[in-house]
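>
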Amino acid sequence: MGSGIYKIDCRDEMRVFYINRDVDVRRRERIELALSEVGLSAERVSGIEGYELPDKLRDYYDFSMPPGETGCSASHLTAASKILDQNLPWAVVLEDDARPTAAFQEAVNEAVSSAPHDWDIIRLVRASKWATHTVSRMTKGKRLVRYSKIPPGAAGLIVSAAGARKLLRPRTVRLPIDVEIKWPWDLKLNVFGVVPPVVHIDASLTSTISKRSRPRSYNRRARHLFNIQQMGLVRYLWCAVQSIVGLT
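The letter at position 215 of the sequence shown is residue 215 when you use the UniProt record's numbering, and the numbering goes up by one with no holes.
1. Could you tell me whether any Cβ in chain D is nearer than 7 Å to the Cβ of L187?
2. When you compare only the Cα positions, how much space is there between L84 and A161?
3. So the alpha helix (DSSP H) V25 belongs to, where does it begin and stop?
4. Nearest-angstrom Cα distance between R223 and D97?
5. Going by C-alpha to C-alpha distance, which of P89, S75 and R169 sits closest to D118?
6. According to DSSP, is S136 part of a helix, a strand, or is it coil?
7. Give me the residue from L187, R165, G163 and L237 with the minimum Cα distance to R174.
8. Going by Cα to Cα distance, which pick from G50, I121 and F192 is closest to V145?
9. So, helix, strand or coil for P176, using DSSP?
10. Taking the alpha-carbon of S114 as reference, which of F104, A102, H133 and M138 has the nearest alpha-carbon?
11. If we count the other Cβ atoms within 10 Å of its Cβ and call it buried at 16 or more, is T70 buried or exposed?
12. If you run the structure through DSSP and keep just helix, strand and coil, what is R143?
13. On the DSSP letters alone, give me the boundaries of the alpha helix (DSSP H) that E95 sits inside.
14. Applying the 10 Å Cβ sphere with the 16-neighbour rule, what's the burial state of V195?
15. Express the C-alpha separation of P66 and G50 in angstroms, rounding to a whole number.
16. Tell me whether the beta-carbon of A155 lies closer than 7 Å to the beta-carbon of I201.
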């Protein structure tokens, strides 16, 4: 993979989007309060209700996923479209149950500045139970990592313009958005993460996805080959050994 570094300059002001359905007023108030507490403002992305898809996204879906997962996926594609429409180099995309920590802004800026130039997505939520490879050491004990196995969840992401284009690649979407990111080989997503996470989930809120699908079993061979390509054989094997012996 490329070894160049994406440099932040004065034009790369942090932009934050949060996804929130029109009916979820209380959730909107709570995430806006949480954002203000860490000095952030954000643009709201109107969350899509189930199968009520806008015309520009209708061809992506064959309605094989439950309504909640379909709407969630389409909402993330809408956020990706905004990144491209506004000509942003990258942006943070949050779901409305995300709660950024006090270290959020610093960690986001550090992660973007230290990531390889060809990054697509940097996860800010949920640590992996499997070993990771450290790409860069950040301040205050944080690290930018590449995963040997990407954890679930898409409540807190940094998405580059290149990543947005990959998410918007014409296709039939049959996997929830977090699974498409968790299984990145189909879209050739270059995924990294910040550990410890700087976004937590508000456990007091009920998920807006009432019914979840059971995605097909992932292609183990595809994961191994993709990780070897991304990490290199020796690093990937070392992560596998650490995971097996519990050194995560």
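The C-beta atom is built at its ideal place from N, Cα and C for all residues, glycine as well. Fair warning: this is a prediction, and the values are worked out from it, not measured in the lab.
In short, the structure shows the following:
1. The displayed structure is made up of one protein chain only, and chain D is not part of it.
2. 6 Å
3. V25 to E37
4. 29 Å
5. P89
6. strand
7. L187
8. F192
9. coil
10. M138
11. buried
12. strand
13. Looking at the DSSP string, E95 is not in any alpha helix (DSSP H); the run it does join, the beta strand (DSSP E), is W90 to E95.
14. buried
15. 8 Å
16. yes
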